[in-house]
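Taking it in order: structure first as structure tokens, then the write-up.
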DNA sequence: TAGTTGATCGTCT
DNA sequence: GACGATCAACTAA
């Protein structure tokens, strides 16, 4: 499995966001391989988007958002959770796509163990494993250390996946106060692993 | 089923 | 000193 090339991420952020749906998120963890099919994302458009971490300019926290496309921006929130973004566009613009949910494809046992070690419970069904931005980070063991990871290097990457292009739906973004007028959440229609129905 | 709340801490004001 | 790109447990009806 090979990572998508840098050029994939250097395109307009909304294009990349929709194009990420159906792709594989791949994590090499020692000898184990974790794979999830991306089913839900949100776009954050840098300094022109009031909901974006980059809205008020470059800081120590959001610095990675301003790197060139194809890096991973991981942030800590609510005192306990991590969320992962794919940086998009050329160097210096501060745009990214939040990974909100994936469908587990491979390494489900490892993901379950990772979830048990974290803050969140895996209560009940397997559909709770990766159906939210903090849940998928816990399952894939993505935390502070992974902030700034280059997705070209292979440790964490996004790869092409088999199958037809998924049917895409859009909605308002979740959990934000400003910028609610934009429908920049994209997800695969009728997919069980999407974080909530809409 | 919808709505509310506690947990918990780094970052920015 | 306030609050968040969350989640799960709880309450009410």
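In this note's numbering, the protein residues as written are 54 to 251. The C-beta atom is built at its ideal place from N, Cα and C for all residues, glycine as well.
{"Asked": "Beta-carbon gap between residue 199 and residue 211 smaller than 8 Å", "Found": "no"}
{"Asked": "For residue 100, three-class secondary structure by DSSP", "Found": "helix"}
{"Asked": "Cutoff 8 Å; reference residue 3; Cβ partners in own chain excluding five residues on either side", "Found": "No answer is possible for residue 3: it lies beyond the span of the chain, which begins at 54 and ends at 251."}
{"Asked": "Boundaries of the beta strand (DSSP E) in which residue 119 is found, first to last residue", "Found": "Premise fails: residue 119 is in no beta strand (DSSP E) and is neither H nor E."}
{"Asked": "C-alpha gap between residue 58 and residue 84, whole angstroms", "Found": "24 Å"}
{"Asked": "Distance, residue 135 Cα to residue 314 Cα", "Found": "Lying outside 54 to 251, the shown extent of the chain, residue 314 is not represented and no answer is given."}
{"Asked": "Selected residue, minimal CA-CA separation from residue 117, among 130, 133, 141", "Found": "141"}
{"Asked": "Residues of its chain near residue 81, where Cβ-Cβ distance is below 6 Å and the 5 sequence neighbours each way are ignored", "Found": "208"}
{"Asked": "contact_flag[the region 112–129, the region 143–156] where n(CB pairs < 8 Å) is 3 or more", "Found": "yes"}
{"Asked": "Contact between the region 61–75 and the region 177–195 (3+ Cβ pairs under 8 Å)", "Found": "no"}
{"Asked": "Anticipated Cβ contact below 8 Å, residue 66 with residue 98, distance rounded", "Found": "6 Å"}
{"Asked": "Cβ shell of residue 76 (< 6 Å), same chain only, five flanking positions each side left out", "Found": "91, 211, 214"}
{"Asked": "Three-state class that DSSP yields for residue 152 in the structure shown", "Found": "strand"}
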